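Scroll down for the structure; my scribbles are underneath it.
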Amino acid sequence: MSESEEQRPLIGRNPNWGRDRGPFATPQSSPSRRSVRRAGSSATGNYGNRPDASPQVLQPRSDSSLRMACGTILLTVVFERISYYGLTGNLVLFLNKDPFTWASYNAMNALFMFFGITYVMALIGGWIADSFLGRFKTMLIAFFIYLCGFISLPFLAVNTHSSSSHPRHRHLDNSTHTGSLPRICVTDEAGDQSSPFTERCSWLVYIILFVVAIGTGALKSNIAPFGSDQLHRSSQQAHLSFFNWFYWCVNMGSFVGLGAIAYIEQQVNFHIGYIVCACTLSLSAIIFLTGRCSYVCRTPDGSILSNIFRIIREAWKRKRQRQQLQRIHSKTESEGSSREIDEASVEERISFLDYAKHRYGGIFHNSLVDDVKKLKMILAVFAVLIPYWIVYFQMQTTFLFQGLHMRLGFTPSQPLYNLSTTVVPSAVPFHNTTSSQKPQIVAAWFSLFDAIFVIILLPLFDRVIYPRLSQAGYPFTFTKRVVLGMVFAMAAMFVAGVVEHYRLKEFWPYPDHPCLSKGINQIIGNTSYMAADMSVLWQIPQYALIGISEVFASVACLQFAVSVAPRSMKAIITGLFYFFSGLGSFLGTAILNILAASRTWFFDQDFGNINCRLPCPTPDSLDVQHKCHLDYYFFMLGAVEAAALGLFLLVARKFQLGAEELVPNLHNPAVRARAQHVQRQASQDTFSNTVTVSSSS
């Protein structure tokens, strides 16, 4: 018996499995007790975590029970995604408008940190479910935490709507407010924009966002694998059908959240919008609980994440012991010199993790250590893609701010001419109701273009373009797809920079009078945004390019991880995919903080106005010391993405990622035949992890 057979249990298979009577139907005859899989092998893909654990025996279930379980999970996903995108789609606008009036970069920082905590918690939530609580209990706790955060949101937004006839203008000093903060935040009335944690009511905002991020991250990492658990005796086609519906539900939730709820938040007020979000999340939790009697709930059987740390600790311990023995032998034996040479030659052939193997004195099976060693290549790929995630998260942060300062209407408006009074407290408010307008377009709607392009292009490339290229002898390998995706992401940043450059020229059209602006007065709620008379529709190309890049880079990276990762580590690879996405979000926060602290392109006195020029005491003043330049920020991110592309090419060369065998070409009949045997044994792990990551998009 080989080492891998000794390490991993054999899986029996009943020939009647897979004869479905519907997309989620159970087989006609139930497998015997002997042929039932171990819970750990199919649910989490972990082998050898608990040798003393007895296998779970899963009882037969009816078609109605299976349909009930899958249906409640899918409905849960729809309403949960509505709440999630209802919050993230307009969070920057909520913090930037009256009465919070956060600086532009601080409002973006809050969303960056929220995304980072969410994706990091996905890894931690999966580990908790696998090691301690199981998926169902972990999801119940996640829902409770999630609801605590969302129920608090309407109270945070309760006083943000005002019926004042004179909306607050973004170009005035920060002392003018028409709305009022929640009573618990009265001590933060002044606010300090020098730090994201000293803004008005920042402590309460960050507590609520932190609670919501913990809940959504833990739920995100478990709901798709939990759906896979319900199909433990169904065919591969049943898995495909379920996860196609799962992906459809994710996108349906995003469309409703970014479409309907974002409209309510921008055009009506955030208080009502957040009440709707809290209600939809409550409905999602209730639907999830209604299916409790029909769920298959697997007990935790340990996580491979724990084994990874144990292997590293064991390798360090054994290597240290080996070095101590070598020093003893060199001192005590007369032939120590020749023996040291022999030991050194062996040392060169042994990597650090090999010391944890049983054959070298460790306590772990050789195959399990080899699986962990394969993480090196996957982690290297994930690491060089961190700049890509920085670019990706610009859609709901800087892109949204740029759109708020463009014309959110279909027809040109009468511009008003005004002196830039960004930092002049004594300036007289300039009101011109004839030049003011209420937006016809919701800025957050443009994030839907990313989802639209993914939904259209993904099946087109998968079913038509990729197969034809392979048949023509030009396979579109993993490296080509990632390179092309990063090129599109880089192009999106340069396009956004060009659009911002011309937007600023439209707003400041007089070189001889740098403090004289020409803009339109856009009223959102009780806040007036000084926008350039340039249509927001010019943003469509940059959103579209991000969507195209996702089709290539993000999907290819996921397929690479699932194809290359050992069967025992597919779940942990999904968590790491989330984790590195979160690192990209945190790095985006760090970049903004560094630029703001050094007063480069962002300034602590802009009060959310990305048109700022400081100072402008008189219309004829030529002494403009500081200018807000979001266009330079976009160009910088494009350069960072170009550098990341170069690093990826080096990683691809080192690990030979251009080899077609790394990502199997299933359109080739011979390759497909070889892959079918593996897919029959690992279909649950592969599909569950694939859709879990897809839902993050």
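The opening position of the sequence shown corresponds to residue -6 in the numbering used here, with each subsequent residue numbered one higher.
No residue lacks a Cβ here, since even glycine has one placed at the ideal position from N, Cα and C.
No experiment lies behind these values; they were computed from the predicted model shown.
Which residues bound the beta strand (DSSP E) around residue i?
{"i": "A525", "result": "T520 to S528"}
{"i": "L509", "result": "L509 to I517"}
Determine the contact status of residue i and residue j, defining contact as a CB-CB distance below 7 Å.
{"i": "V365", "j": "I301", "result": "yes"}
{"i": "W438", "j": "L298", "result": "no"}
{"i": "M388", "j": "S440", "result": "yes"}
{"i": "G109", "j": "S578", "result": "yes"}
{"i": "M486", "j": "L393", "result": "no"}
{"i": "N215", "j": "M132", "result": "yes"}
{"i": "P576", "j": "I379", "result": "Residue 576 is actually Leu in this sequence, not Pro. Contact: yes."}
{"i": "F545", "j": "M370", "result": "no"}
{"i": "G540", "j": "D443", "result": "yes"}
{"i": "Y78", "j": "S247", "result": "yes"}
{"i": "R128", "j": "F219", "result": "yes"}
{"i": "A135", "j": "A206", "result": "no"}
{"i": "Y98", "j": "L623", "result": "no"}
{"i": "A308", "j": "Y348", "result": "yes"}
{"i": "G208", "j": "I138", "result": "yes"}
{"i": "D526", "j": "I513", "result": "yes"}
{"i": "G478", "j": "F628", "result": "no"}
{"i": "A484", "j": "L538", "result": "yes"}
{"i": "D363", "j": "R291", "result": "no"}
{"i": "I434", "j": "V492", "result": "no"}
{"i": "N83", "j": "E258", "result": "yes"}
{"i": "A174", "j": "C194", "result": "What sits at residue 174 in the sequence shown is Leu, not Ala. Their beta carbons are under 7 Å apart, which means L174 touches C194 by this criterion."}
{"i": "M245", "j": "V447", "result": "no"}
{"i": "T582", "j": "M61", "result": "no"}
Determine the extent of the alpha helix (DSSP H) in which residue i is found, giving its start and end residues.
{"i": "G142", "result": "R128 to L149"}
{"i": "R496", "result": "F471 to F500"}
{"i": "F394", "result": "T391 to L397"}
{"i": "Q535", "result": "I533 to S542"}
{"i": "Y691", "result": "Residue 691 lies beyond the residue range present for the chain, which begins at -6 and ends at 690; the question has no answer from this structure."}
{"i": "N216", "result": "At residue 216 the sequence reads Ile, which differs from the Asn that was named. From DSSP, the alpha helix (DSSP H) with I216 extends over S195 to D222."}
What's the gap between the Cα of residue i and the Cα of residue j?
{"i": "A732", "j": "Y571", "result": "Beyond the ends of the chain as shown, which are -6 and 690, falls residue 732; an answer cannot be given."}
{"i": "G64", "j": "L274", "result": "17 Å"}
{"i": "M399", "j": "I305", "result": "53 Å"}
{"i": "G396", "j": "Y536", "result": "11 Å"}
{"i": "A590", "j": "A96", "result": "13 Å"}
{"i": "G639", "j": "T472", "result": "12 Å"}
{"i": "H351", "j": "A636", "result": "42 Å"}
{"i": "F87", "j": "F263", "result": "7 Å"}
{"i": "A549", "j": "A217", "result": "20 Å"}
{"i": "G284", "j": "F553", "result": "34 Å"}
{"i": "Y104", "j": "F386", "result": "Before going on, a small fix: residue 104 reads as Leu here, not Tyr. Answer to the nearest angstrom: the Cα atoms are 9 Å apart."}
{"i": "V198", "j": "E192", "result": "10 Å"}
{"i": "T391", "j": "W531", "result": "15 Å"}
{"i": "A255", "j": "V269", "result": "11 Å"}
{"i": "S645", "j": "V476", "result": "In the sequence as displayed, the identity of residue 645 is Ala instead of Ser. If you take the alpha carbons of A645 and V476, they lie about 10 Å apart."}
{"i": "P92", "j": "I201", "result": "17 Å"}
{"i": "L509", "j": "S574", "result": "42 Å"}
{"i": "L140", "j": "P147", "result": "12 Å"}
{"i": "L149", "j": "I445", "result": "32 Å"}
{"i": "A482", "j": "E543", "result": "8 Å"}
{"i": "T81", "j": "L551", "result": "24 Å"}
{"i": "W238", "j": "L67", "result": "7 Å"}
{"i": "S55", "j": "L282", "result": "19 Å"}
In the DSSP output, what is residue i paired with across the bridge?
{"i": "F357", "result": "K350"}
{"i": "K620", "result": "R606"}
{"i": "R400", "result": "S528"}
The ligand MN and residue i: does the residue's C-beta get closer than 6 Å to at least one heavy atom of that ligand?
{"i": "H225", "result": "The model on display carries no ligand, and the ligand MN is accordingly not part of it."}
Check: Which runs of the alpha helix (DSSP H) fall wholly inside the segment 252 to 336 and span at least 4 residues, in chain order?
Finding: 263 to 283 and 297 to 325
Item checked: Whole alpha helix (DSSP H) elements within the segment 50 to 135, 4-residue minimum -> Entirely contained in the segment 50 to 135, the alpha helix (DSSP H) runs reaching 4 residues are, in chain order, 56 to 81, 84 to 89 and 97 to 121.
Check: Which ranges would you report for the alpha helix (DSSP H) in the segment 440 to 470 if only whole runs of at least 4 residues count?
Finding: 440 to 453 and 459 to 464
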